[in-house]
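**Student:**
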Amino acid sequence: MITTLGDLDRRLRQKELDEKLATMGRKYFVTSGKGGVGKTTVAANLALAKAALGKRTGLLDVDFHGPNVTSALFAEGRIGANDGGLMVPLEVRPNLHVLSPQSLLSDPDGALLWKGPRKLRAISQFVTETAWPELDCFFVDSPPGTGDEALAVARLMPECLAILVTTGHASSLMDARKTASFLKATRLGLRGVVDNMGTLVCPSCGETMEIFPPDGPRALAESLGVPLLARLPWDAAALKLSDALRKPLLEAAPASPVARALADLADILD
Ligand SMILES: Nc1ncnc2c1ncn2[C@@H]1O[C@H](COP(=O)(O)OP(=O)(O)O)[C@@H](O)[C@H]1O
Ligand SMILES: [Mg+2]
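Now the structure itself:
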């Protein structure tokens, strides 16, 4: 029952959001317990792979304090507005539409000093006040953990399926379990676990060696009742090539072990 004008306003905004989300296809929320474990790498390259497969793909960066999606894609340019005043995501490749707070900043080294409610409002605007075209899939790259951004995604986009990225190190696994508890508490679905940096591809001989024990991410996935979706090796040669060519991993080194594992991961997600 609607009791106040505030109530009515909230319901209208929710309706607008739901209508927009209905045009944005399958949604994935790339998350982790810890920073630096590869979320942005996974989100950006998955989006790239899906777009290359002909899927109309959106990629939204909600990591306000470390927005790295555009640097992972080497995408430049500022977000503009259309005649209706809606933000227009950057079309960085055919079929790939990207919106990151980084592309809203006039100073690339500028920082956003936003608190929770401002972030919730911004994420809502990134969906409803943005000219996303009709999409087949939509990836949300997030900061680590269970803070404001994750809460906002859970509240605004409850149909998102999470992809939980972790390394095999005990501290990353411990924090990943906290994120899994958060997903359960907020009723976000969990599509599976991605084990990143568990093995090292030697840049000189190409041999693969274990960095972390392989059983941790697998045991985590099993205990959560979800698949271990991928094991991505730490691939220093591919990263070096990516930086040198200023192209994302998938394009700079498509035959590299990490790019092949990322492409396989894109194939198993619908
Ligand atoms: N499997 C990998 N092989 C090589 N470099 C990687 C791999 N995964 C991540 N990186 C690099 O590690 C750094 C941290 O990854 P990033 O995706 O930014 O982590 P997060 O988004 O979780 O903070 C980045 O410089 C990224 O390019
Ligand atoms: Mg990141």
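Heads up: the sequence shown runs through residues 0 to 269, numbered per numbering that gives the first Met the number 0.
Glycine is no exception: its CB is placed at the ideal position from the N, C-alpha and C atoms.
Could you tell me which residues DSSP pairs with ALA321 in its beta bridges?
**Tutor:** With the chain running from 0 to 269 in the structure shown, residue 321 is simply not present.
**Student:** According to DSSP, simplified to helix, strand and coil, what is ASP234?
**Tutor:** Three-state DSSP puts ASP234 in a strand.
**Student:** Just jot down, in chain order, the residues whose CB lies closer than 5 angstroms to any heavy atom of ligand 2.
**Tutor:** LYS38, THR39, ASN67
**Student:** Three or more C-beta pairs under 8 angstroms: does that hold for the stretch 199 to 206 against the stretch 67 to 81?
**Tutor:** no
**Student:** Quick one: does the C-beta of LEU238 sit closer than 8 angstroms to a heavy atom of ligand 1?
**Tutor:** yes
**Student:** Is LEU89 near GLY76, with beta carbons less than 9 angstroms apart?
**Tutor:** yes
**Student:** For LEU238 versus LEU248, is the C-beta distance shorter than 9 angstroms?
**Tutor:** yes
**Student:** Compare the Cα-Cα distances from ARG92 to each of LEU119, LEU52, ALA151 and report the closest residue.
**Tutor:** LEU52
**Student:** List, from N- to C-terminal side, the alpha helix (DSSP H) runs of 4 residues or more that fit wholly inside the stretch 99 to 183.
**Tutor:** 115 to 127, 147 to 155
**Student:** Can you tell me whether ILE267 is buried or exposed, with buried defined as 16 or more other CB within 10 angstroms of its CB?
**Tutor:** exposed
**Student:** Where does GLU221 fall in DSSP's three states?
**Tutor:** GLU221 falls in the helix class under three-state DSSP.
**Student:** Using the Cβ count rule (16 or more neighbours within 10 Å means buried), how would you classify GLY109?
**Tutor:** exposed
**Student:** What does ARG25 pair with, by DSSP beta-bridge criteria?
**Tutor:** Answer is CYS136, bridged to ARG25.
**Student:** Contact between the stretch 206 to 213 and the stretch 42 to 60: three or more CB pairs below 8 angstroms?
**Tutor:** no
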